[in-house]
Amino acid sequence: MFGNPLYPTYQTFLALGIAAVIGIQNPTALQALDGLDVTVDGTRGRVYRGQRHLVKQGTPTMGGVVILVAVAITCLLMADLSIELVAVLLATVATGLLGLVDDVTSVTHGRSLGLTPHAKMIGLTLICVAFCLVAVNFCGVIPEVRFPGGLVIDLSSIMTVFTVGDRVYYIPWLYLVFTWLLIVGLSNAVNLTDGLDGLAGGTSMIAMLIMAAIAFLHGNPDLAIFGAACAGACLGFLWFNCYPASIFMGDTGSLALGAGFACMAVVTNSEIVSLIIGGLFIIETLSVMIQVVSFKLTGKRVFLMAPIHHHFEKLGWAETKVVIRFWIVSAAFGALGLALFFQLG
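Numbering (the working numbering) for the sequence shown: 672 to 1016.
Here is the structure:
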């Protein structure tokens, strides 16, 4: 471990700075991506659409690789590799690699959606199941859901127990489904949020800072370093991803950040609170669901365009105004979630 472990707050803030410095090395990645021609073009218009966003065509994507590298290196330098940290880090990197395959497929095959939804869901499901079983059997995670105010719902009523050698293993089926919904949902929610320059990077940075604080309060300084590293990597990435962006994180970054956020919530027993901290991600997802359901049932759209950040663009808001105001909303959700964390049962 680099630094002095006797001062965990120092370690955490130093981790944020190191990850930011590594994350700001995007010019090197930018040159490499330019050489590979992994750019946003007409085939990737599912997110970057509309006349305003035509200028984004030709911008390198897959910059999320730099975020993953920054987080991994920082954790290796700054933290003890506890089982909790390793589990969260591996799940995050695995989800990022799934996103990388999705990004590469969309570029090399000229497909706007990359991997098929079926293939992506299989990959996410395997990651979720593996992480949940490790969290319950090796990280001491109790299969229950805690609500602010003291309410606790036990999800261990349907449990498979088996023995391998001298060790007993548990498969809490209800909690497994809940964890799957949380990780898959938040991964795709951050992915949907990644539609404007700096939006996903800024809001993820805020959410991860709050989760780092929660991990610290939960008594897990190594996981706090992971959260700080994610926030720092996003901070460095924003230097080149702010308007007008010279690089995008792609599914490589957005899926990984969403998964890392959800996995931290599982290990710190703050799953419900994380939905408040990530309230903006939830709103973005709900806007898409509402739009789809409304159009299928009535033939009418509730929003001018979904996800909701495009709705405000259609109302005439400048892209930078939408992004900054969404950052503010995200910070408000984060502050509320952190306050409610102290009310958990």
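C-beta: ideal position from N, C-alpha, C; glycine also.
- In this structure, residue 903 sits near residue 687, with a CB-CB distance shorter than 7 Å.
- As a beta-bridge residue in DSSP terms, residue 838 pairs with 835.
- Here residue 976 has 982, 985 as same chain residues with Cβ atoms under 7 Å from its own Cβ, once five neighbours each way along the sequence are excluded.
- Out of 1002, 943, 911, the CA that lies nearest to the CA of residue 850 is found in 943.
- Note that the region 829-839 does not touch the region 902-916; fewer than 3 beta-carbon pairs, one per stretch, sit closer than 8 Å.
- Within the same chain, Cβ atoms closer than 6 Å to the Cβ of residue 892 are found at 679, the five residues on either side in sequence being excluded.
- Note on the region 938-1012: whole alpha helix (DSSP H) runs with a minimum of 4 residues are 942-948, 950-969, 979-985, 990-1012, in chain order.
- Residue environment for residue 832: exposed (fewer than 16 other C-beta atoms within 10 angstroms of its C-beta).
- Taking a 10 Å sphere around the C-beta of residue 733, we find 16 or more other C-beta atoms and assign the residue as buried.
- In terms of Cα proximity to residue 962, the closest of 973, 862, 756 is 973.
- By the neighbour-count criterion, in which a residue is buried when 16 or more other Cβ atoms sit within 10 angstroms of its Cβ, residue 802 is buried.
- Annotated three-state conformation of residue 868 is coil, per DSSP.
- About 16 Å separates the Cβ atoms of residue 814 and residue 1015, ruling out a contact at the 8 Å cut-off.
- Counting other Cβ atoms within 10 Å of its Cβ, residue 969 stays below 16 and is therefore classed as exposed.
- Annotated as proximal: residue 874 and residue 1001, with beta-carbon spacing under 7 Å.
- For the options 941, 736, 756, the alpha carbon positioned closest to that of residue 853 is the one of 941.
- Assignment of residue 920 by DSSP, reduced to helix, strand and coil, places it in the coil class.
- A distance below 6 Å between beta-carbons, with the five flanking residues on each side excluded, links residue 753 to the following residues of its chain, in chain order: 893.
- Note that the region 911-921 touches the region 857-870; at least 3 beta-carbon pairs, one per stretch, sit closer than 8 Å.
- Residue 800 is not a Cβ neighbour of residue 841, given a cutoff of 7 Å.
- Take the alpha-carbon of residue 979 and the one of residue 959: they are about 8 Å apart.
- Ranking 910, 885, 988 by CA distance to the CA of residue 934 puts 885 first.
- Residue 690 and residue 684 have their C-alpha atoms roughly 10 Å apart.
- Selection 878, 844, 987, 804 evaluated against residue 1009 yields 878 as nearest (Cα-Cα).
- Just so you know, the alpha carbons of residue 882 and residue 949 end up roughly 10 Å apart.
- Straight-line spacing of the CA atoms in residue 744 and residue 899 works out to 13 Å.
- By the neighbour-count criterion, in which 16 or more other beta carbons inside 10 Å mark a residue as buried, residue 791 falls on the buried side.
- If you check the CB distance, residue 826 and residue 804 do not come in under 7 Å.
- The distance from the Cβ of residue 923 to that of residue 751 is about 27 Å, inconsistent with a contact at the 8 Å cut-off.
- With fewer than 16 other Cβ atoms from the protein chains shown falling within 10 Å of its own Cβ, residue 828 counts as exposed.
- DSSP places residue 751 outside both helix and strand once states are collapsed to three, so it counts as coil.
- When beta bridges are read from the DSSP output, residue 830 appears opposite 843.
- The three-state reading of DSSP puts residue 679 in helix, counting H, G and I together.
- If the five residues before and after residue 761 are omitted, its C-beta is found closer than 6 Å to no C-beta atom of its own chain.
- Secondary structure of residue 805 (DSSP, three-state): helix.
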